[in-house]
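Before any comments, here is the structure.
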Amino acid sequence: QVQLVESGGGLVQSGGSLRLSCAASRSIGAISPMAWYRQAPGKERELVAAITAEGNTNYADSAKGRFAIYRDRVKNTMYLQMNNLKPEDTGVYYCNARYQFDNYWGQGTQVTVST
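All residue numbers for the sequence shown refer to our numbering, where the first residue is 1039 and numbers rise by one.
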């Protein structure tokens, strides 16, 4: 099993930056892919960015050019650097991990972008 703990959310003004962290309870070398999802109020959860163990990345169109996903194997942590945030980025951000054919989710961290 894998436990995931997100942190780094908060309230930020439009144009600001945040870095989200997702700490895993085991070595992330064997966890692939890992991803960030977002759920806005009244909407379904959607993929924001994903990264494989080899470092291959994939971004939602809305995140391209503004967000960067990366992993630190020493710290067993995945990150999402979010720049030039917009009000439509508001939502609960969830960490997701695929490990041994099972899907794992963190508890989520709230990101609110004000105008």
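Note that CB positions come from ideal geometry on N, CA and C, so glycine has one too. Please read all numbers here as calculations on a predicted model, not as lab measurements.
When the Cα atoms are used, Lys1113 and Thr1150 turn out to be separated by approximately 27 Å. Within the segment 1088-1140, the runs of beta strand (DSSP E) that reach at least 3 residues and sit entirely inside it are, in chain order, 1095-1097, 1105-1110, 1115-1120, 1129-1137. Distance from the Cα of Trp1074 is smallest, within the candidate group Gly1144, Thr1153, Gln1051, for Gly1144. Contact check for Ala1135 and Val1040: beta-carbon distance about 5 Å, within the 8 Å limit, so the pair qualifies. Collapsing the DSSP output to three states places Gly1067 in a helix.
Shown here, Gly1054 sits in coil according to DSSP, grouped into three states, outside any helix or strand. Between the alpha carbons of Gly1080 and Gly1047 lies a gap of roughly 19 Å.
Beta-bridge partners of Ala1073 (DSSP): Ala1088, Asn1134.
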